[in-house]
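Participant: Have a look at this one.
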Amino acid sequence: MAWLDGLRERLVALFRKGKVERELDEELRFHVEQEIQQHVRAGVGEQEARRLALRDFGGIERTKEAVRDERGVRMIQDALTDVRYALRGIGRQPGFATAAVLTLALGIGANTAIFSVVSSVLLRPLPYPDSERIVRGWANEVDGIQDFSFRVVEYQVLVDQAESFETVGADFAIDLTITGAGMEPERVLAAMATPGYFDVFGAAPTIGRTFTREDIETGNQLVAVVTHGFWTRRFGADPGVVGQPVTFNGNPFTLLGVLPERFELVEGDAEVFIPYAVEPWNVGWGEGHECLDSQKGN
Amino acid sequence: MLVLKTLALEPMHGWGVSERIRQISQDVFQVNQGSLYPALQRLKRKGWIRSRWRVTESNRRARYYTLTAAGRRQLDAERCEWERSVSAVNRILQTAQ
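Residue numbers (this note's numbering), protein chains in the order written: chain H, 1 to 298; chain E, 1001 to 1097.
Set out below in structure tokens:
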């Protein structure tokens, strides 16, 4: 394991430089002393002996250099010296150093930002159960770009006739204004959703319930479901609010339930959901509906 | 090779090696004392010799070198090489006459 000893040598030389140098000095000093003594024993005077010894030895500093060369850590030590020199040089030109650091920071920051977006959008799964089974349908394709908007009639067709989907849901983004006793009026991003919408995401409400088809059919359309964030912010997470009327756009809606905290819409920031009822008067409505489906397991 | 051979006899410090070679070679070889130390370092790096600090008879501290097993093998190998070179040179010298 000869090379292992060599490696150990090198490591020691790197990290205990002071000790190594001292030892070398002592060793060479010993040699010269012995030489001097030998001359003295042969009858030479001390001064002369020293001169002879040093002459015969050949330069001490040169020898030290040669030994250092042989250590095999020259490259690394030289590299370290260069680094130290470079750092000193940078210190002398702070303006340049600042520019360089800022450029690096900008580059690294931009890269990190892009990666985090890519990471969360592409690489991490959606926070819903069985998220691989959720698909988004498109009705039209123009130049290879899917158009995610549906018309109501198209949606109806999908619901009635598609068999490979377990649940189908759609939503339509709207704005609502909430007013109420003792609170600021607030404009809220909302969505009109079909009953199946929540089932697609497997989002069971933590309190109360979501609206169902029966609600709509029995004409009980003034109901709403809110997100956890909205509930916390607007009602201070008060469970007693469920079942109470909340006024949206001047109409009293009954608050049916609160969605779980981890439920986020794929797109959009709707905080309130009201039922989407297909009425004769909105059948003809155009684009804007997003349709998400959950595939049947087969 | 000469350094290895000297150390094969017994562990020694740098000055000792230099003196011994000078004595035995009857002053034919005077190891340039300065160049001995980088050579020792090189042998050490290759793992053919080892070093340790010890106290001499005169109570001074000195670095003693010892031959390792690998060093011994290297000595034999170099000796072989040397013998081959010597006989080759001799053969040439004889025929040239």
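We put the beta carbon where it would ideally sit given N, CA and C, even for glycine.
Can you tell me which of E:LYS1044, E:GLN1026 and E:SER1035 puts its alpha carbon nearest to the alpha carbon of LEU1007 (chain E)?
Facilitator: As a first step, residue 1007 (chain E) is located in the second sequence; it is residue number 7 there, counting from the start. Checked all of E:LYS1044, E:GLN1026 and E:SER1035; the closest Cα to LEU1007 (chain E) is E:LYS1044.
Participant: Specify the secondary structure class of TRP1048 (chain E) as computed by DSSP and reduced to three states.
Facilitator: On the second sequence, residue 1048 (chain E) is found 48 positions in, with the first residue counted as 1. Looking at TRP1048 (chain E) - three-state DSSP - the assignment turns out to be coil, as it is neither helix nor strand.
Participant: Taking 7 angstroms as the threshold (C-beta atoms), are ARG1054 (chain E) and TYR1064 (chain E) in contact?
Facilitator: What you label residue 1064 (chain E) is simply residue 64 of the second sequence in a count that begins at 1. What you label residue 1054 (chain E) is simply residue 54 of the second sequence in a count that begins at 1. Against a cut-off of 7 angstroms, the Cβ pair of ARG1054 (chain E) and TYR1064 (chain E) comes out as a contact.
Participant: As a quick exercise: from H:HIS39, H:GLN47, H:PRO275 and H:THR103, pick the residue whose alpha carbon is nearest that of GLU214 (chain H).
Facilitator: The residue you call residue 214 (chain H) lines up with position 214 of the first sequence. Closest by alpha carbon: H:PRO275.
Participant: Note down the Cα distance separating ASN251 (chain H) from ALA204 (chain H), rounded to an integer number of angstroms.
Facilitator: The residue given as residue 251 (chain H) occupies position 251 in the first sequence. The residue given as residue 204 (chain H) occupies position 204 in the first sequence. Rounded to whole angstroms, ASN251 (chain H) to ALA204 (chain H) spans 26 angstroms at the Cα level.
Participant: Report the neighbours of ARG84 (chain H) on chain E: residues whose CB is nearer than 9 angstroms to its CB, in chain order.
Facilitator: Looking up residue 84 (chain H) in the first sequence gives position 84. Under the 9 angstroms cutoff, chain E gives no residues; its nearest Cβ is about 25 angstroms from ARG84 (chain H).
Participant: Find the nearest neighbour of GLU65 (chain H) within the set E:SER1035, E:GLN1094, E:ARG1084 and E:GLU1078, judged by alpha-carbon distance.
Facilitator: Here residue 65 (chain H) corresponds to residue number 65 of the first sequence, with the count starting at 1. Comparing Cα-Cα distances from GLU65 (chain H) to each of E:SER1035, E:GLN1094, E:ARG1084 and E:GLU1078, the minimum goes to E:SER1035.
Participant: Does the contact criterion of 3 or more C-beta pairs under 8 angstroms hold for the stretch 1001-1020 of chain E versus the stretch 230-247 of chain H?
Facilitator: Because the criterion of three Cβ pairs below 8 angstroms is not met, the stretch 1001-1020 of chain E and the stretch 230-247 of chain H do not touch.
Participant: Step through the CB atoms of chain H and report whether any lies within less than 7 angstroms of the CB of GLN1023 (chain E).
Facilitator: Counting from one through the second sequence, the residue named residue 1023 (chain E) turns up at place 23. Answer no: the Cβ-Cβ gap between GLN1023 (chain E) and chain H never drops below 7 angstroms.
Participant: Consult DSSP for VAL96 (chain H) and reduce its assignment to one of helix, strand or coil.
Facilitator: In the first sequence, residue 96 (chain H) corresponds to position 96, counting from 1. The displayed chain sequence assigns Phe, not Val, to residue 96 (chain H). Note: PHE96 (chain H) maps to helix in three-state DSSP.
Participant: Residue range of the beta strand (DSSP E) that GLY257 (chain H) falls in?
Facilitator: Residue 257 (chain H) sits at position 257 when you count from the first residue of the first sequence. That run of the beta strand (DSSP E) goes 251-258.
Participant: Interface residues of chain E around GLY72 (chain H) at Cβ under 8 angstroms?
Facilitator: By one-based count along the first sequence, residue 72 (chain H) stands at place 72. Going along chain E in sequence order, the residues near GLY72 (chain H) (Cβ under 8 angstroms) are ARG1045.
Participant: Kindly indicate the opening and closing residues of the alpha helix (DSSP H) around PHE273 (chain H).
Facilitator: Translated into the one-based positions of the first sequence, residue 273 (chain H) becomes position 273. That residue, PHE273 (chain H), is in no alpha helix (DSSP H); its beta strand (DSSP E) goes 272-275.
Participant: Between which two residues does the alpha helix (DSSP H) harbouring PHE30 (chain H) extend?
Facilitator: If you number the first sequence from 1, residue 30 (chain H) lands on position 30. Per DSSP, PHE30 (chain H) belongs to the alpha helix (DSSP H) from 17-41.
Participant: Between which two residues does the beta strand (DSSP E) holding PHE342 (chain H) run?
Facilitator: For residue 342 (chain H) there is no data in the structure shown, the boundaries of chain H being 1 and 298.
Participant: Mind checking the stretch 1056-1085 of chain E against chain H and listing, in chain order, the residues whose C-beta falls within less than 8 angstroms of any C-beta there?
Facilitator: Correct list: ARG1060, ARG1061, ALA1062, ARG1063, THR1068 and ALA1070.
Participant: Can you check whether the CB of ALA1062 (chain E) is closer than 7 angstroms to the CB of THR1068 (chain E)?
Facilitator: Looking up residue 1068 (chain E) in the second sequence gives position 68. Looking up residue 1062 (chain E) in the second sequence gives position 62. It is not a contact, given that the beta carbons lie outside the stated cut-off.
Participant: I'd like to know whether the C-beta of PRO1011 (chain E) is nearer than 7 angstroms to at least one C-beta of chain H.
Facilitator: For the purposes of this step, residue 1011 (chain E) is taken as the residue at position 11 of the second sequence. No, PRO1011 (chain E) does not count as interfacial toward chain H.
Participant: For GLN1026 (chain E) and chain H, any beta-carbon pair shorter than 7 angstroms?
Facilitator: Start at 1 with the first residue of the second sequence, and residue 1026 (chain E) comes out as number 26. With 7 angstroms as the cut-off, GLN1026 (chain E) does not count as an interface residue toward chain H.
Participant: So with CB distances below 9 angstroms, who are the chain E contacts of HIS31 (chain H)?
Facilitator: The count along the first sequence starts at 1 and reaches residue 31 (chain H) at position 31. Within chain E, the residues near HIS31 (chain H) are HIS1013, GLY1014, TRP1015, SER1018, GLN1033, LEU1036, TYR1037 and ALA1062.
Participant: Expressed to the nearest angstrom, what Euclidean distance is found between the alpha-carbon atoms of ARG71 (chain H) and ARG29 (chain H)?
Facilitator: Here residue 71 (chain H) refers to the residue found at position 71 of the first sequence. Here residue 29 (chain H) refers to the residue found at position 29 of the first sequence. Approximately 19 angstroms between the Cα atoms of the pair.
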